[in-house]
Structure formats: structure tokens, C-alpha cells
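As numbered in my numbering, the sequence shown has no gaps in its residue numbers, which increase by one up to the final residue, 336. A short worksheet on the structure shown next.
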Amino acid sequence: MVNFSDIKGFTFDLDGVITDTAKFHEQAWHDLATELGVEWSDTLGNQLKGIGRMDSLSMILAAGGKQNQFSDDEKKMFAHKKNTHYVALIQSLTPDDILPGITAFLGEIRAGGFLASIASASKNAPQILKKLEITNYFVGIVDPSTVSHGKPDPEIFVRAGELLNLQPKQIIGIEDASAGVQAIKAAGQTALGVGAATQSAKPHLWVRDTADISLKTIAMKLSSD
Numbered sequence: 112m113v114n115f116s117d118i119k120g121f122t123f124d125l126d127g128v129i130t131d132t133a134k135f136h137e138q139a140w141h142d143l144a145t146e147l148g149v150e151w152s153d154t155l156g157n158q159l160k161g162i163g164r165m166d167s168l169s170m171i172l173a174a175g176g177k178q179n180q181f182s183d184d185e186k187k188m189f190a191h192k193k194n195t196h197y198v199a200l201i202q203s204l205t206p207d208d209i210l211p212g213i214t215a216f217l218g219e220i221r222a223g224g225f226l227a228s229i230a231s232a233s234k235n236a237p238q239i240l241k242k243l244e245i246t247n248y249f250v251g252i253v254d255p256s257t258v259s260h261g262k263p264d265p266e267i268f269v270r271a272g273e274l275l276n277l278q279p280k281q282i283i284g285i286e287d288a289s290a291g292v293q294a295i296k297a298a299g300q301t302a303l304g305v306g307a308a309t310q311s312a313k314p315h316l317w318v319r320d321t322a323d324i325s326l327k328t329i330a331m332k333l334s335s336d
């Protein structure tokens with residue numbers, strides 16, 4: 112385990128860590144699934160969390176036994192339609208939609224001279240950060256269109272670390288999904304898991320929810336492990 116004094120930066124997942132756009136994703140996917148004649152379920156909705164757009168569409172089509180009924184062009188059209196709907200839904204986001212404790216934590220990071228970047232599968236991350244009015248807290252956002260492999264592959268967190276120009280041992284990655292925690296660990300960074308869903312991936316550090324994240328809490332957890 113690293114020492115707190117070694118830490119110089121943070122890589123953040125976006126959805127479920129900084130804000131909760133899952134409800135918008137779920138609504139948009141649910142509506143598309145219904146249109147395609149695929150029965151929606153809570154299980155299917157949970158399986159899509161943290162998964163990229165085309166992979167999510169594939170899972171929906173597979174759930175309805177329709178994975179071979181559409182051409183690649185049709186699938187791209189469906190994914191675009193879902194995203195257009197989602198983008199319309201997120202226009203309602205404001206700084207009030209930042210999850211508890213995160214605004215204060217970002218302030219702590221900046222005041223302490225730490226760097227931060229975003230490692231999100233969402234192509235809409237820049238727009239979401241702008242709506243939340245927190246873009247200037249981050250030195251960069253990984254463009255998911257340049258990433259070949261989704262989480263739990265470490266690629267996106269490796270890229271996010273490169274944006275910070277830091278070594279993996281100098282970085283704490285923050286995630287609310289098991290696949291994300293696996294990706295952080297595989298990238299060689301220290302994984303901070305948020306919420307019960309991350310416990311199965313055995314993050315190095317764990318908090319119950321975002322309100323518990325602070326530099327003091329992280330320093331205490333690192334010194335006790």
C-alpha cells in the first residue's frame with residue numbers, strides 16, 4: 112500500500128462518483144429497448160452500468176434474442192438515437208446534481224495542489240462537467256472514442272493517469288462500479304471504491320458513499336492499512 116505522501120493526483124469515474132446520470136441513461140435505454148421490442152428489467156438495467164454505448168446496445172439486443180436481426184449501420188443508428196435522447200435529458204443538470212461531498216473534495220484537491228482527470232466511458236463527459244460547472248477542476252478528460260477496451264480493462268485509467276503526467280503509484284482512482292475498481296487496480300493505481308457494488312472487486316480503500324470522501328479520510332485509511 113502506498114503512503115498518503117506519495118499521492119499527487121486522482122482519476123475519477125464520472126457517473127456515480129461525481130454525479131448520477133444513470134437515471135438518464137436508464138430512461139433512454141429503456142425507451143429504446145421498448146421500441147425494439149425488448150422487455151426491460153432491473154437486472155438488464157444494472158448490467159449496463161459503466162458499459163460503453165455499443166456494448167450496451169449489444170447486451171439489450173442479446174437480452175431480446177435480437178442480436179443478429181440488425182446490420183451494423185442500423186445498430187449505429189439505434190445507439191445514436193439513444194444518445195440524442197440522453198443528451199436532451201441531461202440538459203436539466205445543474206451544480207445541485209453533484210453528488211454529496213464531491214464539490215468540497217474537489218476544492219480540497221485543488222487547494223492541496225493535487226491533479227485530477229476524468230476516466231469515463233461517457234462521450235458526453237465534457238458537456239456534463241460543463242453543466243455541473245466543474246470543468247476547471249480537471250486537467251483533462253479521456254476521450255473514450257480513443258480507447259480500444261472498456262472497463263475492467265485498465266486502458267482508460269492508464270490514459271487518465273497519463274493526462275496527469277504521474278506514475279500509477281502516485282494516483283488514486285475513484286470508482287463506484289466493480290469493473291471500474293478492477294480497471295484501476297490493473298492500471299497500477301490505488302483503488303478507492305464507493306458503495307457496496309465495489310466491494311466484490313476488493314478495492315484498496317472503501318467508503319460507503321461520496322459524502323465520506325475527503326483527503327483526511329483517505330490519509331487515515333492509507334495509514335491504517
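Here a beta-carbon is modelled for each residue, glycine too, at the ideal position from N, C-alpha and C. Since the structure is predicted, the reported quantities are computational estimates derived from the model, not experimental observations.
CA nearest to the CA of residue i, picked from the options
i, options, result
"Asp-264", "Ile-295, Asn-235 and Asn-276", "Ile-295"
"Gly-291", "Ser-116, Met-112, Asp-207 and Thr-122", "Thr-122"
"Thr-214", "Ser-334, Phe-249 and Ala-307", "Phe-249"
"Ser-256", "Leu-333, Gly-163, Leu-303 and Trp-151", "Gly-163"
"Leu-135", "Ser-259, His-196, Pro-314 and Leu-125", "Leu is not the amino acid found at residue 135; the sequence shown has Phe there. The shortest Cα separation from Phe-135 among Ser-259, His-196, Pro-314 and Leu-125 belongs to His-196."
"Leu-316", "Ala-308, Ile-285, Leu-217 and Ala-298", "Ile-285"
"Lys-119", "Leu-172, Ile-267 and Leu-275", "Leu-275"
"Gly-261", "Met-112, Gly-212 and Asp-124", "Asp-124"
"Ile-171", "Ala-199, Pro-314 and Trp-140", "Trp-140"
"Asp-142", "Gly-251, Ile-252 and Asn-194", "Asn-194"
"Glu-273", "Asp-323, Ala-174 and Leu-226", "Leu-226"
"Thr-301", "Gln-278, Ala-174, Pro-211 and Lys-192", "Gln-278"
"Met-165", "Lys-177, Asp-183 and Asn-179", "Asp-183"
"Gln-178", "Ala-144, Val-198 and Val-253", "Ala-144"
"His-191", "Asn-235, Leu-217 and Val-253", "Asn-235"
Residue i - containing alpha helix (DSSP H), residue span
i, result
"Trp-151", "No alpha helix (DSSP H) contains Trp-151, which DSSP labels as neither H nor E."
"Val-305", "Careful: Val-305 lies outside any alpha helix (DSSP H), inside the beta strand (DSSP E) at 301-305."
"Leu-217", "213-222"
"Gly-291", "289-297"
"Ile-245", "Run containing Ile-245: none; DSSP gives neither H nor E here."
C-alpha gap between residue i and residue j, whole angstroms
i, j, result
"Pro-338", "Leu-168", "Outside the shown range of the chain (112 to 336) lies residue 338, about which nothing can therefore be said."
"Ala-312", "Ala-298", "14 Å"
"Ile-201", "Gln-138", "11 Å"
"Asp-207", "Thr-246", "15 Å"
"Phe-268", "Ser-334", "24 Å"
"Gly-223", "Gly-156", "38 Å"
"Gly-187", "Met-331", "First, the residue type needs correcting, since residue 187 is Lys and not Gly in the sequence shown. Their Cα atoms are separated by approximately 47 Å."
"Ile-129", "Arg-270", "19 Å"
"Gln-158", "Ala-173", "12 Å"
"Lys-327", "Ala-133", "29 Å"
"Ser-289", "Phe-181", "31 Å"
"Gln-293", "Asp-131", "21 Å"
"Gly-175", "Phe-189", "15 Å"
"Lys-160", "Phe-115", "30 Å"
"Gly-127", "Met-112", "25 Å"
"Asn-323", "Glu-185", "The sequence shown places Asp at residue 323, not Asn. Going from the Cα of Asp-323 to the Cα of Glu-185 covers about 44 Å."
"Glu-219", "Gln-310", "26 Å"
"Val-198", "Val-258", "21 Å"
"Val-318", "Leu-210", "14 Å"
"Phe-216", "Asp-320", "13 Å"
"Glu-244", "Glu-146", "34 Å"
Reduced DSSP category for residue i - H, G, I as helix; E, B as strand; rest coil
i, result
"Val-269", "helix"
"Ile-229", "strand"
"Thr-205", "coil"
"Ile-162", "coil"
"Val-198", "helix"
"Asp-264", "coil"
"Asp-80", "There is no way to answer for residue 80, as the model of the chain reaches only from 112 to 336."
"Ile-252", "strand"
Bounding residues of the beta strand (DSSP E) (the contiguous stretch that carries residue i)
i, result
"Phe-123", "120-123"
"Leu-316", "316-318"
"Ile-329", "Where Ile-329 is concerned, there is no enclosing beta strand (DSSP E), although the alpha helix (DSSP H) it sits in stretches over 326-335."
"Gly-284", "282-286"
Chain E within 8 Å of residue i, Cβ atoms only
i, result
"Val-149", "The structure shown contains no chain E, having only a single protein chain."
* Are three or more beta carbon pairs between the stretch 216-234 and the stretch 151-160 nearer than 8 Å? -> Two segments are said to touch when three or more pairs of C-beta atoms, one from each, lie closer than 8 Å; by this definition the stretch 216-234 does not touch the stretch 151-160.
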